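Have a look at the structure below, then the notes.
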Amino acid sequence: MLKINRDNLKSSHQLIWFIIDFLMLGLLIINLAFIIWDSIYSFVAIQNLLKEQAPAIQSLYQPIHERFIFYDLIFVAIFLTEFFVRWGYAIKARIYDRWYFYPFIHWYDLVGCIPVGSLRFLRILRVISIIYRLHQYKIIDVTNTKIYRFVNFYYEAFMEELSDRIVLKVLSGVQEEVKRGSPLFEKIQLDILYPRRDMLSDWISRRVAEAAQEGYVPNRGALRSYLEDRVDNALKQNLELSRLKFLPVVGPTIQETLEEAVGDIVAHVIHQILEDLASASNHAFIEDIVNVFLPNPGEAREDEAQNEALINLIIEVIDAIKGQVKVKHWRDELP
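Quick note on our numbering: the sequence shown kicks off at 1 and runs consecutively.
As structure tokens, then:
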């Protein structure tokens, strides 16, 4: 059901306008019901049915039907009076920049007042505008009504389907442009990535440092033991080094010393690399890597294989986006 917030209604400085809105809303509903009934009554079959089943109603309404335009003009006169009163208030309060803006903005109020055929049904737009205005000022709450939920659900479904089709069409067009040799990837590289090269270097540098600190520093001992075991196993399988143990007296000692030394050297080198990556000193190294992938525009060289790979990468990324766009989220909300 439609909820009315009485607190907001009482505290409003424009109470008189909200009262007029409620009165106009009631008159519009009565008028639309009158128009619908008269349209139904216009069929001869309905008139004959009423003559047979309810002659009193038929005889009572027949004179009203014959003068339908007169009675409808009474409603039109009330609606037009309210329209011009609001227009005058809008001019006095300077709601719009120009005095003549009001009828253009509220065109549906005027068109609905034309007492001609189907134009009368445009008064439903005025009903919607009044309900929306009252809802906007939190005088009434329509979000909990079944009609609103029903209309809003199918509206959201329609808009999602429409937007999905538009996005897919646009992305498919981009793919075709890329396949035909569009300089899109060059624009991405030169106009988007290259001007932000320093920012990318800083970001990658921080991320590498964080990854090294979180992944290596807490597991430094375990990693060192693992590396020493791997190096020791590799050295034992080395034929040249295994021959050292056949040297008289000092052979086994030399072999063992070399294994320990090589293990320490490898572990120390990897330890130093990861320590450098985990510190701010990695920025220069990361910057050099970024400069390789994003050289200065004057230093860029043509590489067809690289360009082809980049084109395929862009197409695959767009395919992934299209796949996500095709997901129908509104189906998950079906009652």
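Note that beta-carbon positions come from the ideal geometry of N, C-alpha and C, so glycine has one too.
All of these numbers come straight from a predicted model, not from anything done at the bench.
Rounded Cβ spacing between residue i and residue j (contact assumed at less than 8 Å)
i: Q175; j: I321; result: That pair is no contact at about 10 Å.
i: R126; j: G117; result: Wrong, their Cβ atoms sit about 17 Å apart, outside the cutoff.
i: I202; j: I130; result: A quick correction: the sequence has Asp, not Ile, at residue 202. The Cβ separation is near 56 Å, so there is no contact.
i: E91; j: W99; result: It is worth fixing the name first, because residue 91 is Ile in this sequence and not Glu. Rounded, the Cβ-Cβ distance is 5 Å, consistent with contact.
i: Y102; j: Y96; result: 6 Å
From the options, residue whose alpha carbon lies closest to that of residue i
i: I57; options: F75, D38, L73; result: D38
i: V85; options: Y194, R230, K169, W17; result: W17
i: I78; options: R94, R98, I30; result: I30
i: D72; options: I124, A222, Q136, I114; result: I114
i: L25; options: L110, Y132, Y61; result: Y132
i: I124; options: Y108, P63, H135; result: Y108
i: P63; options: V317, V76, Q47; result: Q47
i: N312; options: I139, V178, L80; result: V178
i: R120; options: F75, E214, E210, L15; result: F75
i: Y137; options: A261, L15, V269, I270; result: L15
Cutoff 6 Å; reference residue i; Cβ partners in own chain excluding five residues on either side
i: L27; result: none
i: D164; result: V325
i: M1; result: Reliability fails at M1, whose pLDDT of 49 lies under 50, so the model's placement of it is uncertain and the value that follows must be treated cautiously. For M1, where only same-chain residues beyond five positions count, there are no Cβ hits under 6 Å.
i: V167; result: V325
i: P195; result: none
Cβ shell of residue i (< 7 Å), same chain only, five flanking positions each side left out
i: E82; result: I20, M24
i: D319; result: none
i: V142; result: L2, I131, H135, Y148
i: L50; result: I57, Q58
Close Cβ partners of residue i (< 8 Å) along its chain, the five nearest in sequence each way excluded
i: S172; result: K322
i: V317; result: none
i: S12; result: With a pLDDT of 49 at S12, under the threshold of 50, the modelled position of that residue is not reliable, and the figure given next carries that caveat. Around S12: F18, Y137, I139.
_Touching by the beta-carbon criterion (3+ pairs, under 8 Å), the stretch 32-43 and the stretch 53-72_ = yes
*On the three-pair Cβ rule with 8 Å, is the stretch 144-155 touching the stretch 39-55?*
no
*Going along the chain, which unbroken runs of the alpha helix (DSSP H) with 4 or more residues stay wholly within the stretch 126-189?*
146-179, 184-187
_Restricting to runs no shorter than 4 residues, where is the alpha helix (DSSP H) found entirely within the stretch 66-131?_
68-93, 101-105, 107-112
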